[in-house]
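J.:
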Amino acid sequence: MTASIRILTEPPQTIAAMTGETILTNALQAGVSFPHNCQSGNCGACKCELIEGEVLELPYSEYALSAEERARNLILACRTQVWGDCTVRLLDAEEVVLHPSRVMRCRLMEMLDATYDIKALTLAVEAGGPYAFSAGQHARLKFAPGIPERNYSMANHPADDALEFHVRAVPRGQASGYVFTSLHVGAEVKVSGPLGNAYLRENHKGPILAVAGGSGMAPIKSICATALRANPERRIHLYFGVRDEHDVYLEDYLHELARQHPNFSFEIALSQPLQKTARRHGLIRDAIAADFTSFDGFKAYLAGPPPMVESVQHLLLDKGMPLRDIHADAFYSQAEDAFNVS
Ligand code: FES
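Counting in the numbering used here, the sequence shown runs from 4 upward without gaps.
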């Protein structure tokens, strides 16, 4: 059985839809660049407004769509089945960036130990490019046949030739396990993307609050570097939450960025230091709460384990930051190993 979905964007599009399939599945199959990320009702990236229509909603995380948002007719396209003609409106349509979707053959040029459990990979694109993305987006990486694809954020500036990814070892994780035990320089890696909506909004000229937990530093590094290259005077406050001293990485890079840009500052907080430390001790959320009374004019970019992302998001909402100014990328694939830096 078929129905139609009218998608109010610029220009509006009407697509034929299979009933029983979700709005997102139908839209992607029709070639519509519909914002999405987790495709499982957890991230909120596919949020849109239901104008009218016959649909059935499947269970989803309240983090992805609050009761208050649902009351305003917002829905998650990845968790909403189509059962008759319907009309939806994309949010922030003027902000939707459209980069061509690519499947690229890349070659591993370098693999460094960023920490004891994070490897920094540098990949050269050999075929399938050119690759355009917005700072903060991610790609799907496939390291070898039989190893599942996983999402990793680009850590480099979008204009760089080489791609940089930070791979954290996830207990019993097949992809990260392969990277840590079998991947070698010179290996071929398939990279598909870009994906994700927690990207740098280039039209916003105000201050930025950037918050990273663990390997969430990858997209945050890209966002900070891109924002500063576009406007070296841009005020950026970066907060980096990790568990212990041995989880800190890129500190020299951050010091250099701060030396070059007095308007860039960063704070590192250890949530569970095993030894006495001169660093800030506590949850990154509490460090931000202690340092700021207002976020007027700010946009926030959050990346890392879901508990951290959620708690910082709640803090910012409590402090009056509108949801539209908070761009979050929670690493659900690593949720089972989410460490407590919230
Ligand atoms: S893509 Fe729908 S909630 Fe993540």
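In this text, a Cβ means the ideal position worked out from N, Cα and C, and glycines have one as well.
Decide if the region 137–152 is in contact with the region 172–185; the criterion is three or more beta carbon pairs, one per stretch, under 8 Å apart.
T.: The region 137–152 vs the region 172–185: in contact.
J.: Kindly indicate which three-state DSSP category F269 falls into: helix, strand or coil?
T.: Strand, per DSSP.
J.: Closer than 8 Å to a non-hydrogen atom of the ligand FES - does that hold for the CB of L27?
T.: Correct: L27 has its Cβ closer than 8 Å to the ligand FES.
J.: Between Q3 and the ligand FES, is there a pair consisting of the residue's CB and a ligand heavy atom that are separated by less than 8 Å?
T.: Missing from the structure shown is residue 3; the chain here goes from 4 to 345 and no further.
J.: For a test of the three-state rule: what should DSSP assign to T184, helix, strand or coil?
T.: Here T184 sits in helix by DSSP.
J.: What I want to know is whether the C-beta of N45 ends up closer than 8 Å to one or more non-hydrogen atoms of the ligand FES.
T.: Yes, Cβ of N45 sits closer than 8 Å to a heavy atom of the ligand FES.
J.: Starting from the C-beta of S218, find all residues in its chain whose C-beta is less than 7 Å away, skip the five residues before and the five after it, and write them out in chain order.
T.: Contacts found: I121, H169, R171.
J.: Per the DSSP calculation, C51 is bridged to which residue(s)?
T.: Partner(s): I78, L93.
J.: Check whether the Cβ atoms of G199 and R105 sit closer than 9 Å, and answer yes or no.
T.: No, these two residues do not count as a Cβ contact at 9 Å.
J.: If we count Cβ pairs, one from each stretch, closer than 8 Å, do we get three or more for the region 73–84 versus the region 37–46?
T.: Result yes; three or more Cβ-Cβ pairs closer than 8 Å.
J.: Quick check: the Cα distance between Y155 and M112, rounded to an integer number of angstroms?
T.: Roughly 17 Å between the two C-alpha positions.
J.: Taking the straight line between their C-alpha atoms, what separation do you get for A6 and L59?
T.: Whole-angstrom Cα-Cα distance: 14 Å.
J.: Check for me: the alpha helix (DSSP H) holding M220 runs from which residue to which?
T.: Where M220 is concerned, the enclosing alpha helix (DSSP H) stretches over 220–233.
J.: Who are the Cβ neighbours of P14 in its own chain at under 6 Å, not counting the five residues just before and after it?
T.: None.
J.: Grab me the residues of M324's own chain with a C-beta within less than 6 Å of its C-beta, minus the 5 sequence neighbours each way, in chain order.
T.: Closer than 6 Å at Cβ, skipping near neighbours: F298.
J.: For the alpha helix (DSSP H) containing A261, name the first residue and the last one.
T.: Note, A261: alpha helix (DSSP H), 254–263.
J.: Output the distance between the C-alpha atoms of A341 and V315, rounded to the nearest integer angstrom.
T.: Unreliable placement is indicated for A341, whose pLDDT of 34 sits below 50; no coordinate value is reported for it.
J.: Quick one: measure Cβ to Cβ for G307 and A215, integer angstroms, because I've assumed they're closer than 8 Å.
T.: That belief holds up - the Cβ atoms of G307 and A215 are roughly 6 Å apart, short of 8 Å.
J.: Whose CA, out of M311, P161, E248, lies closest to the CA of K279?
T.: Of the candidates M311, P161, E248, the one whose C-alpha sits nearest the C-alpha of K279 is E248.
J.: With a CB to CB cut of under 7 Å and the five nearest residues on each side skipped, what residues in its chain are close to E97?
T.: With a pLDDT of 45 at E97, under the threshold of 50, the modelled position of that residue is not reliable, and the figure given next carries that caveat. If we look at E97 and ignore the five residues flanking it on each side, it has no Cβ neighbours.
J.: What residue range does the alpha helix (DSSP H) around A33 cover?
T.: First-last for A33: undefined, no H or E at that position.
J.: Alpha carbon to alpha carbon, how far is L260 from E52?
T.: Between L260 and E52, the C-alpha separation is close to 40 Å.
J.: Taking DSSP as the reference, what is the three-state secondary structure of L11?
T.: L11 falls in the strand class under three-state DSSP.
J.: Are there any heavy atoms of the ligand FES lying less than 8 Å away from the beta-carbon of C109, as far as the coordinates show?
T.: The answer is no for C109.
J.: By how many angstroms is the C-alpha of G23 removed from the C-alpha of W86?
T.: For W86 and G23, the distance between alpha carbons rounds to 6 Å.
J.: So, are the CB atoms of A201 and G300 less than 9 Å apart?
T.: No.
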